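Chains A, B, C and D, in that order, are what the protein sequence lines are.
Position 24 of the first sequence, counting from 1, maps to 24 under our numbering, and the rest follow consecutively.
Position 7 of the second sequence, counting from 1, maps to 237 under our numbering, and the rest follow consecutively.
Position 88 of the third sequence, counting from 1, maps to 548 under our numbering, and the rest follow consecutively.
Position 62 of the fourth sequence, counting from 1, maps to 752 under our numbering, and the rest follow consecutively.
Protein chains: 4
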Amino acid sequence: MTKTELPINIPLLDKGYVELQDFMGDDLSIVNAARVSFLGESKGDIKDKKLLNYLLRHAHTSPFEMVEFKLRVKCPLFVARQWMRHRVWSYNEVSRRYTSEELDFYIPETWRLQSTDNKQCSSGDAEQQMQAQFTQQMQQHVEQALDTYNKMIDAGIAREQARMVLPQNMYTTFVGKVDGHNLMHFMKLRMDEHAQYEIRVYADAIYEHFFKAVLPWSAEAFEKYVLKKA
Amino acid sequence: MTKTELPINIPLLDKGYVELQDFMGDDLSIVNAARVSFLGESKGDIKDKKLLNYLLRHAHTSPFEMVEFKLRVKCPLFVARQWMRHRVWSYNEVSRRYTSEELDFYIPETWRLQSTDNKQCSSGDAEQQMQAQFTQQMQQHVEQALDTYNKMIDAGIAREQARMVLPQNMYTTFVGKVDGHNLMHFMKLRMDEHAQYEIRVYADAIYEHFFKAVLPWSAEAFEKYVLKKA
Amino acid sequence: MTKTELPINIPLLDKGYVELQDFMGDDLSIVNAARVSFLGESKGDIKDKKLLNYLLRHAHTSPFEMVEFKLRVKCPLFVARQWMRHRVWSYNEVSRRYTSEELDFYIPETWRLQSTDNKQCSSGDAEQQMQAQFTQQMQQHVEQALDTYNKMIDAGIAREQARMVLPQNMYTTFVGKVDGHNLMHFMKLRMDEHAQYEIRVYADAIYEHFFKAVLPWSAEAFEKYVLKKA
Amino acid sequence: MTKTELPINIPLLDKGYVELQDFMGDDLSIVNAARVSFLGESKGDIKDKKLLNYLLRHAHTSPFEMVEFKLRVKCPLFVARQWMRHRVWSYNEVSRRYTSEELDFYIPETWRLQSTDNKQCSSGDAEQQMQAQFTQQMQQHVEQALDTYNKMIDAGIAREQARMVLPQNMYTTFVGKVDGHNLMHFMKLRMDEHAQYEIRVYADAIYEHFFKAVLPWSAEAFEKYVLKKA
Chain A
1 MTKTELPINI PLLDKGYVEL QDFMGDDLSI VNAARVSFLG ESKGDIKDKK
51 LLNYLLRHAH TSPFEMVEFK LRVKCPLFVA RQWMRHRVWS YNEVSRRYTS
101 EELDFYIPET WRLQSTDNKQ CSSGDAEQQM QAQFTQQMQQ HVEQALDTYN
151 KMIDAGIARE QARMVLPQNM YTTFVGKVDG HNLMHFMKLR MDEHAQYEIR
201 VYADAIYEHF FKAVLPWSAE AFEKYVLKKA
Chain B
231 MTKTELPINI PLLDKGYVEL QDFMGDDLSI VNAARVSFLG ESKGDIKDKK
281 LLNYLLRHAH TSPFEMVEFK LRVKCPLFVA RQWMRHRVWS YNEVSRRYTS
331 EELDFYIPET WRLQSTDNKQ CSSGDAEQQM QAQFTQQMQQ HVEQALDTYN
381 KMIDAGIARE QARMVLPQNM YTTFVGKVDG HNLMHFMKLR MDEHAQYEIR
431 VYADAIYEHF FKAVLPWSAE AFEKYVLKKA
Chain C
461 MTKTELPINI PLLDKGYVEL QDFMGDDLSI VNAARVSFLG ESKGDIKDKK
511 LLNYLLRHAH TSPFEMVEFK LRVKCPLFVA RQWMRHRVWS YNEVSRRYTS
561 EELDFYIPET WRLQSTDNKQ CSSGDAEQQM QAQFTQQMQQ HVEQALDTYN
611 KMIDAGIARE QARMVLPQNM YTTFVGKVDG HNLMHFMKLR MDEHAQYEIR
661 VYADAIYEHF FKAVLPWSAE AFEKYVLKKA
Chain D
691 MTKTELPINI PLLDKGYVEL QDFMGDDLSI VNAARVSFLG ESKGDIKDKK
741 LLNYLLRHAH TSPFEMVEFK LRVKCPLFVA RQWMRHRVWS YNEVSRRYTS
791 EELDFYIPET WRLQSTDNKQ CSSGDAEQQM QAQFTQQMQQ HVEQALDTYN
841 KMIDAGIARE QARMVLPQNM YTTFVGKVDG HNLMHFMKLR MDEHAQYEIR
891 VYADAIYEHF FKAVLPWSAE AFEKYVLKKA
């Protein structure tokens, strides 16, 4: 991938997106950082790729820190809350103390049922009739919340307090920057089948559209040694 | 302070608290860590205290990392969001993917007005009549949110989706652990007059009830060289 | 283990040691931190231990961050260099800009041969005659270095420059503090058979004497799921 | 600065260097990251520069994390030891377990005297005659060390043990990567007059040749609000 193609914006959910704004490095940067250990240099594609696979297979993760990805993300607040538990990222996020504009809310296309096996997961979809019913209720709820919010703002109530009425499907926007090693850790956890669908679509998009394009060899090794696909 | 007094729980806002669950170290641990630099030891209270002041005045912060505080916190979600931007803490938080129980919501005692000078702050209180009006609207809004939430849960909708309707004044609970240096950084930012009132009460309580009790010398130096009070 | 037994000092190599100075938490702190996720509490030893095993088996590592170990370490400089690549620890170390006293040097009991299979490892011991010869050369070399060093110090040369003549088997002393999760990561890498013998004895001692005593359940789970012993 | 000029290598001390291998971002990336707070965009050079100054004056440091610098460094071991106390950097360093080649040693141009005011500093130069004397002694010492080292290597002693004889003026090489905020912290501490001369030349070179070129506005603000030059 070349930088001239940037930014690349991938729309997700009903109103969200993930955007690659910038990156630093490529597969060769990883190989060269690893070769500093013995003061070596690139030895051609075949040996370089072999070394890169060796690194990931044996969890020699520090050379993968030499690559950086900078993303702009618009996602529901509950997704951002899971995301920001990853503490090695750098973040700058919209603050609802500063602005009351551009408020959007996530309305799921599909309501899922609570899993009975796994306390933290969903499992299968609700039946057709419930789908329509809860979508309508959600929309009404959001409208009521916005109505109360706007009344408060119009009456001069501080934004930092008025925001309290807004539900957790509110979209938020942030810039997030992370190195290759910590991005792989994020993807491993958030592409997992136990991750919530709404964050999984972000992790999947980052992997498919950005990680594979910037680090094709690392992506292959990641599937083999981290995701452990066949 | 001795560990036999623990835990110490300080109620905050209408239904929140901050609780000191455990700590490690004292002012002397900081002094002794600093003295490793020249293989020295404690030299008595007067010289030890003088050294501790010197450390903070010159931003030699690493010895303060040798002390730890472990807290349990119940606070509104928007407070937790500000809190967790502090990335050096360790956190374990209740997950609304796991449980739909013990839902509480923060209802402010006082509605504040938007500052016109400072975009991110509030300034003064709304008038009496508005106070009652917005408190009532907030309560109704929470009831509606809970009603919709419970209907979803009863219909078998996954907790991870149903939680989306809950407003951001929802209380959350977490265990947070941090070293003395990073706690001072948190307190400096969150005890500041520009910090939102609802997080300031937590920072103030941590300082007054826990930090001063565990690290009395450091507290004095903190006021002098970090808060820069007269 | 109770705190009244502290500090516990384990002599290592010819003049080094690792000392447990303080710790915070126990196996139950880990279990209770994990149970905050669903607002639960301890459920008795059998269920608690089962949960702790589950956590480590599934790499749910954040609750292990709630435990802290504070060590004082005296080790050769090249060991300290490997140690301090672990960046999540807090460190305070003797500075040879400050003091020219208490200089000790590591003289190996046994000289090992370079492995031919593994570029970074040793493999087997040198023969008897070489042992004596290199030990003697090492001792002479240290004496010469110290002699030059002392001449420089006596002539008023700055300590920060004079130290340059001291060889890398010089002992250094530091206080290091780390949480349970990151200590397990350190032990996994440094107890490994590919780790250099001189750091392995430190990692082994920390595990055998401190980790097992403070976190007996975690130690069992660590052997099973991290070290993967039979 | 454009990437086509990279790498830029600045020779330092007698055989060292610092090299800018790659970077990500510019002053505008910082401004734009900050403006995510209120969903704003660049407002032209004058306002952008003013905002950037505001950020640094008020220690709003997170937007500066959005910029990255990747360096290759060859420096004496005791300089690398000070450098790597900065724990937020990513590092890959030559390992003397792997290779016994390319051994270089720092011979100071000037021997400095121990400061009597400040325990950790040097102050003024030794007189002419001592200069020559200690330089000669240093050279002899290095030769002896190398001689012993090579004898050990030739006899098959493991590299990981043989390296112990090498003095601390040995050069080491590493790749180091850091964000703009943490680089400013490094520069503030290591460009300080109390920093050892041998690391100060590295910090100065990074500032003069790389930081100023990549982030000219930030450099101005850094001098004003962090270094507090007139």
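Glycine residues also receive a C-beta, built at the ideal position from the N, C-alpha and C atoms.
In this text the structure is predicted, and so the values were computed from the model without any measurement.
With 16 other Cβ atoms within 10 Å as the buried cut-off, status of residue i
i, result
"ASN808 (chain D)", "exposed"
"ARG393 (chain B)", "buried"
"THR173 (chain A)", "buried"
"ALA231 (chain A)", "This structure gives no information on residue 231 (chain A), because the portion of chain A shown stretches from 1 to 230."
"SER583 (chain C)", "exposed"
"ILE506 (chain C)", "exposed"
"ALA724 (chain D)", "buried"
"HIS518 (chain C)", "exposed"
"GLN161 (chain A)", "buried"
"GLY16 (chain A)", "buried"
Test item: CB-CB of residue i and residue j under 7 Å
i, j, result
"LYS459 (chain B)", "GLU450 (chain B)", "no"
"PHE268 (chain B)", "TYR558 (chain C)", "yes"
"VAL539 (chain C)", "GLU658 (chain C)", "yes"
"ASN380 (chain B)", "VAL318 (chain B)", "no"
"PHE253 (chain B)", "VAL408 (chain B)", "no"
"ARG389 (chain B)", "SER330 (chain B)", "yes"
"TRP341 (chain B)", "ILE8 (chain A)", "no"
"VAL175 (chain A)", "VAL757 (chain D)", "no"
Through-space distance from residue j to residue i, alpha-carbon basis
i, j, result
"ASP434 (chain B)", "ASP564 (chain C)", "47 Å"
"GLN604 (chain C)", "ALA835 (chain D)", "10 Å"
"MET461 (chain C)", "GLY640 (chain C)", "15 Å"
"ALA655 (chain C)", "CYS581 (chain C)", "8 Å"
"GLU553 (chain C)", "ASP487 (chain C)", "30 Å"
"MET382 (chain B)", "ARG430 (chain B)", "35 Å"
"SER292 (chain B)", "LEU396 (chain B)", "41 Å"
"SER218 (chain A)", "ASN53 (chain A)", "8 Å"
"GLU501 (chain C)", "THR148 (chain A)", "38 Å"
"TYR321 (chain B)", "VAL303 (chain B)", "10 Å"
"GLN542 (chain C)", "TYR401 (chain B)", "44 Å"
"GLU755 (chain D)", "ASN722 (chain D)", "12 Å"
"ALA155 (chain A)", "GLY25 (chain A)", "51 Å"
"ASP738 (chain D)", "GLN369 (chain B)", "43 Å"
"LYS50 (chain A)", "GLU5 (chain A)", "29 Å"
"ILE206 (chain A)", "GLU653 (chain C)", "37 Å"
"VAL248 (chain B)", "ILE337 (chain B)", "18 Å"
"MET544 (chain C)", "ILE260 (chain B)", "20 Å"
"LYS463 (chain C)", "LYS233 (chain B)", "11 Å"
"PRO216 (chain A)", "HIS520 (chain C)", "29 Å"
"HIS371 (chain B)", "GLN137 (chain A)", "14 Å"
"ILE10 (chain A)", "ALA213 (chain A)", "14 Å"
heavy atom of the ligand HEM below 6 Å from residue i C-beta
i, result
"LYS454 (chain B)", "As for the ligand HEM, it is missing from this structure, which has no ligand bound."
Nearest-angstrom beta carbon gap, residue j and residue i [assumed within contact, 8 Å]
i, j, result
"HIS86 (chain A)", "PHE186 (chain A)", "5 Å"
"LEU767 (chain D)", "GLN858 (chain D)", "5 Å"
"LEU242 (chain B)", "TYR432 (chain B)", "6 Å"
"ARG569 (chain C)", "ASP474 (chain C)", "For the record, residue 569 (chain C) in the displayed sequence is Glu; it is not Arg. Correct: roughly 7 Å between the Cβ atoms."
Contact set between the segment 390-418 of chain B and chain C, restricted to residues whose Cβ is under 9 Å from the partner: THR403, PHE404, VAL405, LYS407, ASP409 and HIS411
Members of the segment 513-524 of chain C that neighbour chain B once the beta carbon cut-off is set at 7 Å: SER522 and PRO523
Chain A contacts made by the segment 708-730 of chain D, where a contact means CB separation under 9 Å: GLN711, ASP712, PHE713, MET714, GLY715, SER719, ASN722, ALA723, ALA724, ARG725, VAL726, SER727, PHE728, LEU729 and GLY730
Residues, ordered as in the chain, of the segment 545-558 of chain C that lie near chain B by beta-carbon distance below 8 Å: Only SER550, TYR551, ASN552, GLU553, VAL554, SER555 and TYR558 from the segment 545-558 of chain C bring a Cβ to less than 8 Å from some Cβ of chain B.
Contacting positions in the segment 68-86 of chain A - beta carbon closer than 8 Å to chain B: Along the segment 68-86 of chain A, the positions whose C-beta sits under 8 Å from a C-beta of chain B are PRO76, LEU77, PHE78, ARG81, MET84 and ARG85, read in chain order.
Residues of the segment 790-801 of chain D with Cβ closer than 8 Å to any Cβ of chain C, in chain order: TYR796, PRO798 and TRP801
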